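Student:
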């Protein structure tokens, strides 16, 4: 392996040195013995192999021929030995030679100052003195080589150096052949080599030495030591090797340093984090260990907590270590018969955490000397016994003449991880009240599929009057305090409703008196009935008559509703068939088969149901993501391929939902698919499907090759005729379809129209992203009712009162027409949002763009009627555009500023002074039209105040003949004029 040095000779005979990596296949300068190449000549002279000295006085083997001295032009061939190409698909041949000037020779008429270079490919060294034949075919000619420097008597001794590329090579090796036809020359050296890109480490990726086999050869690398691939779709690093042996561009890589390592030496290696620092993810640099933690070794991915400190499972490694809290303080008790209130103060030490909670433990000692037992279910807690956030709890159902020990524990996120008991504080309470005796003999008097009617005996209690009974009931298989239900009754009977069918329930009853609550009775089990069974109890006759009356009433109500619905449908069909009124389109669309009405996915109780109903689920194996092309509100936007079995493979744009999303973000993300999936129209973007069964969640739509309409128009400024632009009527057709489905778009603009390779326009953007951000390219205005709306495209009533209707979409469509005819010009140019609002309120409207047909601008003005009921419907707009297309002559009538509209345009008032730039030259440089500066000055236009009266004819006289340049200059003048007018209006 060597470094090839090429001398580049400039006209001034200055040289520079360029070193490129290469692999030498043959070099005659390094040969120490005879080359013994094959020679062929029909007559003398022949090529002679002689010894000579190179420029460093080293002995080299040289081939020379003096055929110019004999006056013959016979071919004299010289063929090299077999050269193996190794792994190269193309090689370079460097020749060093000298040549005698023909004019100094006697036989100069037959003398030539050129020779031919050929090569012949073969898989084996099988050439002989007669094979391959000594003729151009089967050889491949490389070039006819001419000398740059010729030797003459008394002249400077210079040699020539030429380099040629051979290829593509496909066989194992090749021969070089030289043909002289009346040439006097000496072949000083021949070097054959191929170029390769050297091994490279960049962007944490290592690429091997690579031989380019094409114009640009892709090389696949690996992540450097202590690095790995990461990201949504990790891929091996790749880089392109150019045919000149130089790496092209920057690596495409997803390599990142492993946890515990950080990039170093300009992203060439991963260095272990020093002692006392850590890195827990693949992103970023090493950082100092968080509070109360340490790292004693290099390359730590997590810092260990100090003694006594802990980290919860939900804590990330970059959060400080914490410890359990200290005990609660200052317990205050308040006893009321059998109910106890407990309050306390928070601990002095929270342990460095904010997730503080409390738990209550209860122990009861019923008699002196008897063991104390856990209270269990004998007492109840309000609001709960465990996980208390507030520092107060009520305990009720205490037994009389008993001692209770209540222990309050302070807990946080690391308490369960600690080997020590949680810090707590206890208080002793002795009850002295008398409580009612237990309820007994609970009986069922009726049961249904969803209810139980119960009765119990009144307990004997001479001291207190019974105020009420409390009933606790829960499913037998789910008997826990948080799954039990409570109800109260003023008498010794109760009806339990909303129960599960064919399910056993445990029921307990206790008495409430002025002394408090007594204890619950032992649990009794009762069953609800299964479907279709009736109660066999004899006491249900009291419910029979009301049940019959209710059933009869329901039957009458159903009959009445059915008759009323039949009459309404009959009347509606008759009315629609007679009138055909446009205002009844919604009812007609419901009656006609195949016509749907838009359903808002947010009306579904379960948003996933809307996705399942309107969007097709696609198997993730059918999708191949190729590259990331942008970023959306919810995640990356990619380009990929969709290959459904039995169908043709297609490109698709893919929106992905980034990880760590909330349920709301997932619902909002998929709502666009639920909306788009309801539409089937050639001018509405088509939903291919969704992927929700795997991560990441994706939305796939049809691929639109030309992207957004506004950028496409700006890129093709002045490339379309008015009739071609009017032919983009598909936008109106798509909006007609949406309006007939009762869907309001709210953000119709050229940026939200996509265009495919056949120039078909399709309406897009049905997600919640219609409310733009303040720093977007399309500024918004916050209305008094909240929310952000794109002012330049929005109807006045939608700005002021949030009245979004199909009529407000018609206003926006008028702005889109203006954008199309102006080739993507920004509506209202650089006016502020408030200036736009003020101008619209004063009945000013956008002027016709250059070369805009009069009828088309009048259609825009119809869309911008202040009264929304006076604006055309989308069906009217489609009809009007079709008429213009069928009558191309009408599109040749170009709108003139100030002519035709029934109310003022933005540019109809007297022109004011232009103050945007100090001079005409500065203004032309600002709009990148400085090439016309001399033309303007020769026409006597030296100040910007003189520009306001320029017309298209004036520009033609000044040599501005390109339509696009004319439009750009006139639009800039119009914009400056408008800015001055707007400032005056505000004043």
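Residue numbers (the numbering used here): 1183 to 2169. Virtual Cβ for every residue (Gly too), placed ideally from N, Cα, C. Note that the structure is predicted; figures quoted are calculated from it, not measured.
(1) On a Cα-Cα basis, can you pick out the residue from 1997, 1986, 1401, 1383 that is closest to residue 2031?
(2) Which residues in the same chain as residue 2155 place their Cβ atom closer than 7 Å to its Cβ, once the five residues preceding and following it in sequence are excluded?
(3) Skipping 5 residues on each side, what residues in its chain have a beta carbon closer than 8 Å to that of residue 1367?
(4) Following the continuous beta strand (DSSP E) through residue 1805, name the residue where it begins and the one where it ends.
(5) Are the Cβ atoms of residue 1870 and residue 1882 separated by less than 7 Å?
(6) For residue 1151, does the three-state DSSP call read helix, strand or coil?
(7) Given this structure, state the Cα-to-Cα distance separating residue 1394 from residue 1343, to the nearest angstrom.
(8) Going along the chain, which residues of its own chain have a beta-carbon closer than 6 Å to the beta-carbon of residue 1433, five neighbours each way excluded?
(9) Nearest to residue 1687 by alpha carbon, out of 1699, 1711, 2057, 1551?
(10) Mapping the DSSP letters down to three states, classify residue 2114 as helix, strand or coil.
(11) Over the uninterrupted alpha helix (DSSP H) stretch that includes residue 1318, give me the two end residues.
(12) Can you pull the DSSP bridge partners for residue 1667?
(13) Run through DSSP, which three-state label would residue 2134 get?
(14) Excluding the 5 residues preceding and the 5 following residue 1224 in the sequence, name in chain order all residues of the same chain whose CB lies nearer than 6 Å to its CB.
(15) Go to residue 1389, then tell me how far its beta strand (DSSP E) extends in each direction, as first and last residue.
(16) Can you tell me whether residue 1739 is buried or exposed? The criterion is at least 16 other CB atoms within 10 Å of its CB, across all chains shown.
(17) What do you reckon, are the CB atoms on residue 1410 and residue 1440 nearer than 7 Å?
(18) Quick one: what's got a C-beta closer than 8 Å to residue 1622's C-beta in the same chain, skipping five residues either side?
(19) Between the alpha carbons of residue 1736 and residue 1933, how many angstroms are there, rounded?
(20) How far does the beta strand (DSSP E) with residue 1607 in it reach, from first residue to last?
(21) If you drop the 5 nearest sequence neighbours on each side, which residues of the same chain put their C-beta closer than 6 Å to that of residue 2059?
(22) Might you give, ordered along the chain, the residues of its own chain that have their beta carbon closer than 6 Å to the beta carbon of residue 1895, omitting 5 neighbours on each side?
(23) What would DSSP say about residue 1338, mapped onto helix, strand or coil?
(24) Which residues in the same chain as residue 1125 place their Cβ atom closer than 8 Å to its Cβ, once the five residues preceding and following it in sequence are excluded?
(25) Can you give the beta carbon distance from residue 1591 to residue 1601, rounded, assuming they're within the 8 Å contact cut?
(26) Out of curiosity, what's the CA-to-CA distance linking residue 1351 and residue 1304?
(27) Who does residue 1411 pair with in a DSSP beta bridge?
(28) State the CB to CB distance for the pair residue 1610 and residue 1535, rounded to an integer number of angstroms; the pair is presumed to be in contact (CB under 8 Å).
(29) Please report how far the alpha carbon of residue 2046 lies from the alpha carbon of residue 1930, in whole angstroms.
(30) So, is residue 1827 buried or exposed, given that buried needs 16 or more other C-beta atoms within 10 angstroms?
(31) Under 7 Å Cβ to Cβ from residue 1859, same chain only, skipping five residues before and after it: list those, please.
(32) Using the Cα positions of residue 2038 and residue 1785, report the straight-line distance between them to the nearest angstrom.
(33) Would you identify the three-state DSSP class for residue 1233, choosing helix, strand or coil?
(34) So, for residue 1709: in the same chain, excluding its five sequence neighbours on each side, which residues have a beta-carbon less than 6 Å away from its beta-carbon?
(35) Would you call residue 1878 buried or exposed, if buried means 16 or more other Cβ atoms sit within 10 Å of its Cβ?
(36) Contact check, residue 2000 vs residue 2041 under 8 Å by CB: the rounded distance?
Tutor: The short version:
(1) Shortest Cα-Cα distance from residue 2031 to any of 1997, 1986, 1401, 1383 involves 1997.
(2) Contacts found: 2129, 2130, 2132.
(3) For residue 1367, where only same-chain residues beyond five positions count, the Cβ hits under 8 Å are 1246, 1247, 1279, 1280, 1281, 1282, 1297, 1329.
(4) Start and end: 1805 to 1813.
(5) Yes, Cβ-Cβ distance for residue 1870 and residue 1882 is below 7 Å.
(6) Outside the shown range of the chain (1183 to 2169) lies residue 1151, about which nothing can therefore be said.
(7) Rounded to the nearest angstrom, the two C-alpha atoms are 24 Å apart.
(8) For residue 1433, where only same-chain residues beyond five positions count, the Cβ hits under 6 Å are 1384, 1385, 1387, 1419, 1421.
(9) Nearest neighbour of residue 1687 by Cα position, chosen from 1699, 1711, 2057, 1551, turns out to be 1711.
(10) The answer is helix: DSSP assigns residue 2114 an H, G or I state.
(11) Run containing residue 1318: none; DSSP gives neither H nor E here.
(12) 1655.
(13) Secondary structure at residue 2134: helix, using DSSP grouped into helix, strand and coil.
(14) Closer than 6 Å at Cβ, skipping near neighbours: 1256.
(15) Taken as a continuous stretch (DSSP letters only), the beta strand (DSSP E) holding residue 1389 covers 1387 to 1389.
(16) When all chains shown are included, residue 1739 counts as exposed.
(17) The answer is yes: Cβ separation under 7 Å.
(18) Correct list, in chain order: 1638, 1639, 1641, 1703.
(19) Cα atoms of residue 1736 and residue 1933: separation of roughly 56 Å, rounded to the nearest angstrom.
(20) Here the beta strand (DSSP E) through residue 1607 covers 1606 to 1612.
(21) For residue 2059, where only same-chain residues beyond five positions count, the Cβ hits under 6 Å are 1914.
(22) Annotation for residue 1895: 2005, 2006 place their beta carbon closer than 6 Å to its own, counting only its chain and skipping 5 residues before and after.
(23) The answer is coil: DSSP assigns residue 1338 none of H, G, I, E or B.
(24) Residue 1125 is absent from the structure shown; the chain starts at 1183 and stops at 2169.
(25) Incorrect: roughly 15 Å between the Cβ atoms, too far for contact.
(26) Take the alpha-carbon of residue 1351 and the one of residue 1304: they are about 10 Å apart.
(27) Looking at the DSSP output, residue 1411 sits in a beta bridge with 1437.
(28) That pair is no contact at about 30 Å.
(29) Between residue 2046 and residue 1930, the C-alpha separation is close to 14 Å.
(30) Residue 1827 is exposed by the Cβ-count criterion.
(31) Taking residue 1859 as the centre and dropping the five residues before and after it, the same chain places the C-beta of 1796, 1797, 1869 closer than 7 Å to its C-beta, in chain order.
(32) Between residue 2038 and residue 1785, the C-alpha separation is close to 40 Å.
(33) Here DSSP, grouped into helix, strand and coil, assigns residue 1233 to strand.
(34) Same-chain partners within the cutoff: 1686.
(35) Looking at its Cβ environment, which holds 16 or more other Cβ atoms inside 10 Å, residue 1878 is buried.
(36) Wrong, their Cβ atoms sit about 10 Å apart, outside the cutoff.
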